[in-house]
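Under our numbering, the letters of the sequence shown match residues 85 to 817, in that order. Below: one structure, written as structure tokens.
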Amino acid sequence: MSDTITIPVRGMHCAACQGRVQQELERAPGVTGAAVNLLLNSATVHFDPAVTTPERIVETVRSTGYDAELPTVAPSHAAEEEERSRAAAAEFRDLATKSLTSLVVGVGVMVLMPPAPVQLALATFVMLWAGRHFYLRAWRAFRHHSADMNTLIAVGTGAAYVLSLVATVRPGLFLGQGMPAPVYFEAVIVIIALILLGNALEARARRQTSAALRAIASLQPRTARMVRGGSEIDVPVEEVRPGDTILVRPGERLAVDGVVVEGEGGVDESMLTGESLPVAKVAGSTVFGGTVNGTRALRYRATALGEASMLAGIVRLLREAQASRAPMQRLADRISAVFVPVVLCLAVTTFVAWYLLAGPNAPLQAFTAAVSVLIIACPCAMGLAIPTAVMVATGRAAELGFLLKGGEALERVGRVTTVLLDKTGTVTEGKPVLTDVLSVPGAAESLEWLGPVASLEAASEHPLAAAVAEGARSRGIRISLVTELTSRPGQGVSGVVRGTAVGVGNEAMMASLGLDIAPLRPAFDRLAGEGKTPFYAAVNGSLAGVLAVADRIRPSSAAAIKGLRQLGLEVIILSGDNRRTAEAIAKAAGVERVVAEVLPEGKIAEVQKRQASGEVVAMVGDGINDAPALAAADVGIAMGSGTDVAAEAGDLVLMRADLDTVLHAIGLSRRARAVMRQNLFWAFVYNVIGIPVAAGALYPAFQVLLSPVVASAAMALSSVSVVANSLRLRRFR
85 MSDTITIPVR GMHCAACQGR VQQELERAPG VTGAAVNLLL NSATVHFDPA
135 VTTPERIVET VRSTGYDAEL PTVAPSHAAE EEERSRAAAA EFRDLATKSL
185 TSLVVGVGVM VLMPPAPVQL ALATFVMLWA GRHFYLRAWR AFRHHSADMN
235 TLIAVGTGAA YVLSLVATVR PGLFLGQGMP APVYFEAVIV IIALILLGNA
285 LEARARRQTS AALRAIASLQ PRTARMVRGG SEIDVPVEEV RPGDTILVRP
335 GERLAVDGVV VEGEGGVDES MLTGESLPVA KVAGSTVFGG TVNGTRALRY
385 RATALGEASM LAGIVRLLRE AQASRAPMQR LADRISAVFV PVVLCLAVTT
435 FVAWYLLAGP NAPLQAFTAA VSVLIIACPC AMGLAIPTAV MVATGRAAEL
485 GFLLKGGEAL ERVGRVTTVL LDKTGTVTEG KPVLTDVLSV PGAAESLEWL
535 GPVASLEAAS EHPLAAAVAE GARSRGIRIS LVTELTSRPG QGVSGVVRGT
585 AVGVGNEAMM ASLGLDIAPL RPAFDRLAGE GKTPFYAAVN GSLAGVLAVA
635 DRIRPSSAAA IKGLRQLGLE VIILSGDNRR TAEAIAKAAG VERVVAEVLP
685 EGKIAEVQKR QASGEVVAMV GDGINDAPAL AAADVGIAMG SGTDVAAEAG
735 DLVLMRADLD TVLHAIGLSR RARAVMRQNL FWAFVYNVIG IPVAAGALYP
785 AFQVLLSPVV ASAAMALSSV SVVANSLRLR RFR
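Here is the structure:
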């Protein structure tokens, strides 16, 4: 048995920070899995409660040098997200204030060039006030025998400060060697200012990556209008209990999940499903908290509250998805694990090379190049490359009406080559309806015989009988009481309706009644060929007509399947129905391949067969019988209108029962994977190019030696560019 806890972690600012916490958690006894998220400043840990406790996990994180604490229980998801948003806004304001103040001081020093003691005082102020956390975190990392981005900044600016301090206090040490006394105070100030500015812009951009989560969480109203003793009172939503009657007026958001008991109208559920059209609600309809009522008031009975509500479930899944790690992250993690030590070695190598090979100013050039190497190196960009794309993509997915269960699912969806579709409830609506009512040729057009037949079916327990009864009611036919009901397994049902003998069933049923079905055989065969389920009806010993029931194709299925095929995907229908019916549905939906008459184990076998041939398989289903195949597929896609079992087995949950959402999911995943690759490419290329340039690779040919100030600006912009690139996914259509 495994439990899960998400712990707030403070102080992480780069991939090396994230990697160190991740590594220590994975090594901890009793921890079965961990996902540390740099963007959310959190660690989601799966652990065995028989071996370890949340308190021990918190201590494990603290042992790495970062602050951690047990999560607090917020009154609601909205309150928790508001607090997170306030903290992010406060972080941005603090960083922006420090960066802009430091930048003004640095530019002032560069323009006015005050005496060295004044520069020393200003640099000391900026380091102790604005850049203090860099040095504290670097020291903390050193004490724990590790290094991170703060180490590079602290060593680089610290070395420049110490050298400038010596040159200010004892200039003779340099003048005696025939060198000018170097003062880099303005560079120290501007470097800290630019890095802080980059951090501020990065914090602001990071906050935008979780905008979708905040928007969804904020949909929960704070109060509910309860009906008690004939009067209406507004109460905090936390005080609502199952069974309470809630009134929602036109244009208001529903406070909690429930079932309509009075009134009818349309409810905007686009926040759940992405579907813009209102959903009709009548007595008995299910409604969800956070959705918007239409133009008529509704009264409904509260059912699911708090963590059991649909909105809370979406927020929970979205948080888990955004906190997860995508497979592409592993490459960045491996590089980040050795990045800072390698950069420190390169800086030392750069200093030695310049010192030995340069001319009279070799020591100063060596120092400048080494500091530039330290400053330009940026593990942040690699740490942000994948998580930012995952956060933005999963948030955009929720806005479009589907939930991706994490970064791994996000990546796999984009690699799908074959899509297997369950027929009933996926391609079709899963609700059989009466489609055809045909009388015996030559008989009057009156359908008087349908009344007794529908009454007989209303009393039957056959799954398709209810469709006949409901279809008759919709045609204005009254249902009557049935007597002498007799079920004939494998044939049909018979009985007496208000003195009229009625029989409904197949050819064997009609034969047992001594009736010739030849007049209706052509119509029966035609209806069967259309994928419908036909059966004969007899009234008072005479053949009356033929009826057909069918599960209609969803309006969006054909267009969505066409879109999937245009993406180069193979689409196959899996069905437990007879081949004739399945092939008729497939033809209407535009699917060329059908695997019919298969049980759940047959669906699993088909998934495994496709996987064995090297295909990446997505299975789309909505029922309990689909759950094993959903779990076996590379990507399980569960229709949100289906069972909870199916939803739990899926990697992707569609909040509305339309296949076009599958098309959107695959398109978004492909776009997200492209953004991840771009982010990794530019993060790696930035360092691969930037570090050699900072070390002086261009100096022999072009006499170009990068200034530490320019290096700090490049370092700051690299992280911002990665986040900005990920934010493009918010515009996915």
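Beta carbons: idealized from backbone N, C-alpha and C, even for Gly. All of these numbers come straight from a predicted model, not from anything done at the bench.
Quick one: is residue i buried, meaning 16 or more other Cβ sit within 10 Å of its Cβ, or exposed?
i	result
G726	Residue placement at G726 cannot be trusted, given a pLDDT of 41 that sits under 50; what the coordinates show is reported in the next sentence. Classification of G726: buried, given that the 10 Å Cβ count is 16 or more.
C98	buried
P525	exposed
W438	buried
N662	exposed
A730	At A730, the pLDDT of 44 sits below 50, so the modelled position is not reliable; the number obtained from the coordinates is stated separately. The residue is buried, with at least 16 neighbouring Cβ atoms inside 10 Å.
R325	exposed
L648	buried
A222	buried
L658	buried
G320	One detail in the question is off: residue 320 reads as Pro in this sequence, not Gly. Counting Cβ neighbours within 10 Å, P320 comes out exposed, since fewer than 16 surround it.
C429	exposed
D600	exposed
I317	exposed
D132	exposed
V806	buried
R812	exposed
Give me the DSSP bridge partner(s) of residue i.
i	result
N662	None, per the DSSP bridge assignment.
P618	A632
V586	G579, V623
P320	T307
T370	V343
S523	G629
G313	According to DSSP, G313 bridges with nothing at all.
In the DSSP assignment, the beta strand (DSSP E) including residue i goes from what residue to what residue?
i	result
L488	486–488
K687	Here K687 belongs to no beta strand (DSSP E); instead the alpha helix (DSSP H) covers 684–696.
F131	126–131
P92	87–94
A602	Premise fails: A602 is in no beta strand (DSSP E) and is neither H nor E.
D744	Looking at the DSSP string, D744 is not in any beta strand (DSSP E); the run it does join, the alpha helix (DSSP H), is 744–779.
G819	Nothing in the structure corresponds to residue 819, since the chain is present only between 85 and 817.
Are residue i and residue j closer than 8 Å when you measure CB to CB?
i	j	result
F451	A100	no
T472	V633	no
L303	V500	no
L468	L402	no
K365	L382	yes
M760	M412	yes
V189	I273	yes
V679	L631	no
L569	A543	yes
D417	T508	no
P305	R337	yes
E108	M194	no
I460	A778	yes
D341	G368	no
F619	G589	yes
G705	T510	yes
A749	A477	no
V344	S753	no
G720	D735	yes
V682	E286	no
V35	S294	There is no way to answer for residue 35, as the model of the chain reaches only from 85 to 817.
S169	R298	yes
First and last residue of the alpha helix (DSSP H) that includes residue i?
i	result
Y245	233–253
G498	491–498
A798	792–811
R540	The sequence shown places Leu at residue 540, rather than the Arg named in the question. First-last of the alpha helix (DSSP H) with L540: 534–542.
P558	Residue 558 is actually Ser in this sequence, not Pro. Segment 549–558, the alpha helix (DSSP H) holding S558.
T148	Here T148 belongs to no alpha helix (DSSP H), and DSSP marks it neither H nor E.
Do we get a CB-CB distance below 8 Å when we pair residue i with the residues of chain C?
i	result
L738	Looking for chain C here will not work: only one protein chain is present.
Would you check whether the ligand FMN has a heavy atom nearer than 7 Å to the C-beta of residue i?
i	result
I601	Annotation note on the ligand FMN: not contained in the displayed structure, which lists no ligands.
Note to self: What ranges does the beta strand (DSSP E) occupy inside the stretch 380–464, keeping only unbroken runs of at least 3 residues that lie completely in it?
What the structure shows: 382–386
Margin query: Report the start-end ranges of each alpha helix (DSSP H) in the stretch 202–227 that is 4 residues or longer and not cut off at the edges.
Written below: 216–227
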